[in-house]
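Quick note on numbering: the numbering used here labels position 88 of the sequence shown as 578, and the sequence is numbered without any gaps.
For each residue, glycine too, the CB sits at the ideal point set by N, CA and C.
A quick note: this is a predicted structure, and the numbers were derived from the prediction, not measured.
Here the structure comes first, spelled out in structure tokens, and everything after it is commentary.
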Amino acid sequence: MSLSFARAQTLLHSSFIVHTSVGTVELRLIEATEIARPGLPAEYRTPMLLVFSAPASPILAQDNYYFDHPDIGRQFWSVAPVQAPANRPITLNNEPLSFYQVLFN
């Protein structure tokens, strides 16, 4: 399944279960941003960036992981840790958060 920007927007604020070598981790989709597409033919998907928040531990290394979501099933995405977005809290219930991105180009 190819994820479109419109579909990603419907998944905002929902949780994904990510399968890691130390077990599963819940990531919450907090941002979906379209990336400019100058010169890209219309038949190609619009590039986009998804940003997720997660508990600070365990820390996910930049790698490929299986993501499970009840609406889109299992996906295999490349994830990279990032700094907290400027407009986002860095804690939830006094617990620190980590942030990750998935880039579709």
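- Which parts of the stretch 500-526 are runs of the beta strand (DSSP E), unbroken and 3 residues or longer, counting only runs that do not cross its ends? Whole beta strand (DSSP E) segments, 3+ residues: 505-510 and 513-524.
*With a Cβ-Cβ cutoff of 7 Å, do S522 and L540 count as a contact?*
With the sequence shown as reference, residue 522 is identified as Ala, and Ser is not the correct amino acid for it. For the pair A522 and L540, the CB atoms are nearer than the 7 Å cut-off.
- In this structure, what does DSSP give as the bridge partners for A574? Answer is none; A574 lacks a bridge partner.
task = Report the rounded CA-to-CA distance for A544 versus Y556, giving the unit in angstroms.
result = Just so you know, the alpha carbons of A544 and Y556 end up roughly 15 Å apart.
Going straight from the alpha carbon of A496 to that of S504, what length do you get?
S504 has its alpha-carbon roughly 15 Å from the corresponding atom of A496.
message: Within 10 Å of its beta-carbon, does V592 have 16 or more other beta-carbons around it, so buried, or fewer, so exposed?
response: Around the beta carbon of V592, 16 or more other beta carbons lie within 10 angstroms, which makes this residue buried.
| said: For G563 and A570, I'd like the C-alpha separation in whole angstroms. | reply: The straight-line gap from Cα to Cα measures roughly 21 Å.
TODO: Could you spell out the range, first to last residue, of the beta strand (DSSP E) harbouring E585?
DONE: Element bounds for E585: E585 to F594.
- Could you give the distance in angstroms between the alpha-carbon of L530 and the alpha-carbon of N595? One C-alpha to the other measures close to 10 Å.
*Would you kindly work out how many angstroms separate the C-alpha atoms of Q573 and E533, rounded to a whole number?*
The C-alpha of Q573 lies about 33 Å from the C-alpha of E533.
Exercise for the section: Determine the burial state of F566: buried for a count of at least 16 other Cβ atoms within 10 Å of its Cβ, exposed for fewer. Expected result: It is exposed - the Cβ of F566 has fewer than 16 other Cβ atoms within 10 Å.
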